[in-house]
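Chemist:
Numbering (this note's numbering), first residue to last: 23 to 96.
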C-alpha cells in the first residue's frame, strides 16, 4: 500500500511506517525487516513524531488526529 508517513526513531536502528490502508509497521534499519505491525481503525494522511520519539500524531482521513505511543524503544 502507499506509504503515508515514515519516521526514523531516535535509536537510528528502527523506523515506523504508516500506510494508506491503516497499518503501522515497526521496521529495522537498514534492512527494513518488519519487527511488528499494528492495524489501526483509520487511514493516515500525514504525521509527525514528538521530539522525544515516544509518540506519533497521525492525521486520519476521518479528519481526526490520532496519537500512537511508541513503546519499548530507547
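In this text, a Cβ means the ideal position worked out from N, Cα and C, and glycines have one as well.
A quick note: this is a predicted structure, and the numbers were derived from the prediction, not measured.
1. Which same chain residues end up closer than 7 Å to residue 82 when comparing Cβ atoms and leaving out the 5 residues on each side of it in sequence?
2. For residue 23 and residue 43, which I take to be in contact (beta-carbon distance under 8 Å), what is that distance rounded to the nearest angstrom?
3. In the DSSP assignment, what are the bridge partners of residue 59?
4. Run through DSSP, which three-state label would residue 76 get?
5. Between which two residues does the beta strand (DSSP E) harbouring residue 36 extend?
Modeler: Let's see:
1. Result list for residue 82: 64, 65, 66, 67, 88, in chain order.
2. Right, the Cβ-Cβ distance comes to about 5 Å (below 8 Å), so this counts as a contact.
3. According to DSSP, residue 59 shares a beta bridge with 47.
4. Looking at residue 76 - three-state DSSP - the assignment turns out to be coil, as it is neither helix nor strand.
5. 36 to 41 is the span of the beta strand (DSSP E), which, as asked, contains residue 36.
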